[in-house]
Amino acid sequence: MPLGDNLLGGPPPTLLPDDPAAVELAAGADPDTVVRDHPTSSLAWAVLADQAWAEGKVVESYAFARVGYHRGLDALRRNGWKGHGPVPWGHEPNQGFLRCLRSLARAAGAIGESDEVDRIGVFMDDCDPSVPRD
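The numbers in the sequence shown follow the numbering used here, run straight up by one, and end at 572.
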């Protein structure tokens with residue numbers, strides 16, 4: 439069965455196009471530079487969010503993840519997403535958005551924003567329940 443087949447008749451999976459920032463990040467480019475060159479890249483924002491988290495900068499991680507999340511929503515909508523439905527983790531270009539979503543939940547939990555954590559959990563399950571969770 440192909441990736442994202444939906445036998446229940448819901449919306450089709452949304453598959454984002456390749457992200458040029460991914461190549462630069464994989465080659466070891468500085469994420470600050472990559473996000474300046476590709477400010478719409480959720481993946482670049484996700485990398486910054488994860489770096490900030492690793493450095494104990496919870497608020498910065500939250501902010502980076504929030505920006506990447508909104509950039510990802512914009513990209514999803516440009517690619518036919520109607521506000522719900524599958525966004526498969528197995529499709530690599532989707533992972534930047536989903537990583538931002540995961541990072542946002544993590545940081546929201548750290549600052550006590552439990553309603554946001556719950557909302558993101560439901561949203562992640564709607565996108566793809568197989569998204570790795572922290």
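C-beta atoms are modelled at their ideal positions from N, C-alpha and C, and glycine is treated no differently.
Since the structure is predicted, the reported quantities are computational estimates derived from the model, not experimental observations.
In this structure, how does DSSP classify GLY494 when only helix, strand and coil are distinguished? Note: GLY494 maps to coil in three-state DSSP.
Restricting to Cα atoms, I'd like to know which of VAL461, ALA464, GLY447, LEU486 is closest to VAL473. The option with the nearest alpha carbon to VAL473 is LEU486.
Which residues in the same chain as GLY559 place their Cβ atom closer than 7 Å to its Cβ, once the five residues preceding and following it in sequence are excluded? Exclusion of the five residues before and after GLY559 leaves ALA543 as the residues of its chain whose Cβ lies within less than 7 Å of its Cβ.
Report, in whole angstroms, the separation of the C-beta atoms of ALA501 and PHE535, which I expect to be a contact under 8 Å. Actually they are not in contact, since the Cβ atoms of ALA501 and PHE535 sit about 16 Å apart, beyond 8 Å.
When ARG571, GLY506, HIS476, PRO477 are compared against CYS538, the one with the closest alpha-carbon: Nearest option by C-alpha distance: GLY506.
Start and end of the alpha helix (DSSP H) containing GLY547? Judged by DSSP secondary structure, GLY547 falls within the alpha helix (DSSP H) whose first and last residues are 533-548.
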